[in-house]
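**Q**
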């Protein structure tokens, strides 16, 4: 018997600043890697008052790997 992936119509929006991204980033990764949440879409609104974005390289990788499920707005 073939296992069918459950899909959801959820679209979660995460909002973080340069301090909050340390909490939000692991949650994003966990949700994106979970195959049971395949139909779930995530958006990250990330605001930083300085010129360096924490996790920028990692967020770019996630955006490319999960391009149909994950959107970042910095």
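Residue numbers (my numbering): 1469 to 1542.
Just so it is clear, CB atoms sit at the ideal spot from N, CA and C, and this is done for glycine as well.
Note that the structure is predicted; figures quoted are calculated from it, not measured.
Of the choices 1525, 1478, 1505, 1514, whose alpha-carbon is the least far from that of residue 1492?
**A** Within the chain shown, residue 1492 is the residue found at index 24, counting from 1. Of 1525, 1478, 1505, 1514, the residue nearest in Cα terms is 1514.
**Q** If residue 1510 sits next to residue 1538, beta carbons under 8 Å apart, how far is it from one beta carbon to the other, in whole angstroms?
**A** Walking along the chain shown from the start, residue 1510 turns up at place 42. Walking along the chain shown from the start, residue 1538 turns up at place 70. About 5 Å; that satisfies the 8 Å criterion.
**Q** Could you check what DSSP says for residue 1531 in three-state terms: helix, strand or coil?
**A** By one-based count along the chain shown, residue 1531 stands at place 63. Residue state, collapsed to three classes: helix.
**Q** What distance in whole Å lies between the Cβ atoms of residue 1512 and residue 1534, which are believed to be in contact at a cut-off of 8 Å?
**A** Numbered from its first residue, the chain shown carries residue 1534 at position 66. Numbered from its first residue, the chain shown carries residue 1512 at position 44. Between residue 1512 and residue 1534 the Cβ distance is about 11 Å, and since that is not below 8 Å, they are no contact.
**Q** Using a 10 Å radius around the Cβ and a threshold of 16 neighbouring Cβ atoms, would you call residue 1529 buried or exposed?
**A** Numbered from its first residue, the chain shown carries residue 1529 at position 61. Answer is exposed; the Cβ neighbour count stays below 16.
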